[in-house]
Amino acid sequence: MKDIIIILLVIFLLITIFYLLLLKKGIKKFNKDLNQKLKDKSNTILTTNFSDKDLCHLIDSINNSLKSYNDIRIDYERKNNNLQKMMTNISHDLRTPLTSALGYIDMTLKSDLDEKTKIKNLKIIEERLKRLSELVDSFFEFSKIISNNKFIEVSKINLVALLENSISNHYEDFSNDNRIINFETDNRKVYINSNKIMLSRIFDNLIRNAYKHSKSDLNIELKSKNKIEIIFSNDLLYSDLDIERMFEEFYTIDISRTKGNTGLGLAIVKEFTNQLNGKIYAKKKNHKLYIIISFN
Numbered sequence: 057m058k059d060i061i062i063i064l065l066v067i068f069l070l071i072t073i074f075y076l077l078l079l080k081k082g083i084k085k086f087n088k089d090l091n092q093k094l095k096d097k098s099n100t101i102l103t104t105n106f107s108d109k110d111l112c113h114l115i116d117s118i119n120n121s122l123k124s125y126n127d128i129r130i131d132y133e134r135k136n137n138n139l140q141k142m143m144t145n146i147s148h149d150l151r152t153p154l155t156s157a158l159g160y161i162d163m164t165l166k167s168d169l170d171e172k173t174k175i176k177n178l179k180i181i182e183e184r185l186k187r188l189s190e191l192v193d194s195f196f197e198f199s200k201i202i203s204n205n206k207f208i209e210v211s212k213i214n215l216v217a218l219l220e221n222s223i224s225n226h227y228e229d230f231s232n233d234n235r236i237i238n239f240e241t242d243n244r245k246v247y248i249n250s251n252k253i254m255l256s257r258i259f260d261n262l263i264r265n266a267y268k269h270s271k272s273d274l275n276i277e278l279k280s281k282n283k284i285e286i287i288f289s290n291d292l293l294y295s296d297l298d299i300e301r302m303f304e305e306f307y308t309i310d311i312s313r314t315k316g317n318t319g320l321g322l323a324i325v326k327e328f329t330n331q332l333n334g335k336i337y338a339k340k341k342n343h344k345l346y347i348i349i350s351f352n
């Protein structure tokens, strides 16, 4: 009997030692995989062949931590890339009117020009410096918007009245180009608890964007049956417009940048919409551009 107990203890001890050796080997492999994934910035998850419940829980926790780390890393890299692009675009946008103004100043001072030409040059210089001032103001405003953590004051707003007010602000510009703004709604009494100033800015920017970047009429439709949807649509002027990027800071296509567009208008629209807990997206269909804003 004593011999049997000893044999069983030896067998148990051997099994335990074997299990511990396998566990040690598995942990070494796991540690190697973990270090490699951190080095390679891999998004794949760690796995193990062991069925130990506690060990599986540990691996799940490590995988969750790895996912959080990767999300933070990706977000940091994205913001860093955006910052680099932003600095490049700011430098380009500020340099263009400044260089032009300096050129006209130099030409006016050094050339023997008649009074009429000098006045013409001074007007051009004034326009360039005004443009420079507008750019600086736009950059400053956008930096305030994205860093704004203040409480947003809300009130009950009649969306139809607010939209019609924004439309009237731009009516003359469209009319002078023989264009119109069509507005349709399924309900004249659509109310929302929101911030009036921010909503007005959203509508103004979208209407101004349609005026600058299309030659057609602008159609605005307000729907309110299941949720509030405001749809802005007009003919698509630029076929290479990237709707996935058009709400990014400083996104412009070459044509609009030469016209002095900073690419901040729609970025401000998206930021304000997000701050008001709304959603915004764009789509292209049948040579038309649709920008849709929704609020639940």
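The sequence shown begins at 57 in this note's numbering and counts up one residue at a time. We put the CB at the ideal spot given by N, CA and C, even for glycine.
Check: First and last residue of the uninterrupted beta strand (DSSP E) at I284; Outcome: 284–291
Check: Contact belief for L292 with H343 at Cβ below 8 Å, rounded distance in angstroms; Outcome: 5 Å
Check: Secondary structure of E190, DSSP reduced to three states; Outcome: helix
Check: Among N330, D162, D59, the one whose alpha carbon lies nearest that of S250; Outcome: N330
Check: Pick from I161, K186, E228, L185 that is closest to N177, judged by C-alpha positions; Outcome: I161
Check: Continuous beta strand (DSSP E) assignments of at least 3 residues falling wholly in the region 212–281; Outcome: 237–241, 247–250, 274–279
Check: The region 256–269 in contact with the region 239–246 per 3-pair CB rule at 8 Å; Outcome: no
Check: Inter-residue Cα distance where the pair is N120 and I61; Outcome: 45 Å
Check: Where the alpha helix (DSSP H) through F328 begins and ends; Outcome: 321–331
Check: DSSP three-state assignment for S350, whether helix, strand or coil; Outcome: strand
Check: Outcome for I71 when other beta-carbon atoms lying within 10 angstroms are tallied against a minimum of 16; Outcome: exposed
Check: The region 214–221 contacting the region 181–192, beta-carbon criterion three pairs below 8 Å; Outcome: no
Check: Terminal residues of the beta strand (DSSP E) in which I336 lies; Outcome: 335–341
Check: Member of M302, N275, K279 whose CA lies at the smallest distance from the CA of S289; Outcome: N275
Check: E240 beta carbon less than 8 Å from that of E277; Outcome: yes
Check: Buried versus exposed, by CB contacts within 10 Å (16 or more), L78; Outcome: exposed
Check: K326 classed as buried or exposed, judged by whether at least 16 other C-beta atoms fall within 10 angstroms; Outcome: buried
Check: Reference V192, options L169, G159, S147, closest by Cα; Outcome: S147
Check: Unbroken alpha helix (DSSP H) run spanning N91, endpoints; Outcome: 58–96
Check: For K344, the residue or residues it bridges with in DSSP; Outcome: D291, K341
Check: Coarse secondary structure for N136, derived from DSSP in three states; Outcome: helix
Check: Which of helix, strand or coil DSSP assigns to R313; Outcome: At R313, the pLDDT of 47 sits below 50, so the modelled position is not reliable and the matter cannot be decided from this model.
Check: Contact under 8 Å by Cβ, K97 with R129; Outcome: yes
Check: Nearest-angstrom beta carbon gap, I349 and G334 [assumed within contact, 8 Å]; Outcome: 6 Å
Check: I311 versus S194 - alpha carbon distance; Outcome: The pLDDT assigned to I311 is 45, lower than 50, so where the model puts this residue is not dependable, and the model offers no usable value.
Check: Same chain, Cβ closer than 7 Å to R313, neighbours up to 5 away in sequence not counted; Outcome: In this predicted model, R313 has a pLDDT of only 47, less than 50, meaning its place in the structure is not dependable; the value taken from the coordinates is given anyway. If we look at R313 and ignore the five residues flanking it on each side, it has no Cβ neighbours.
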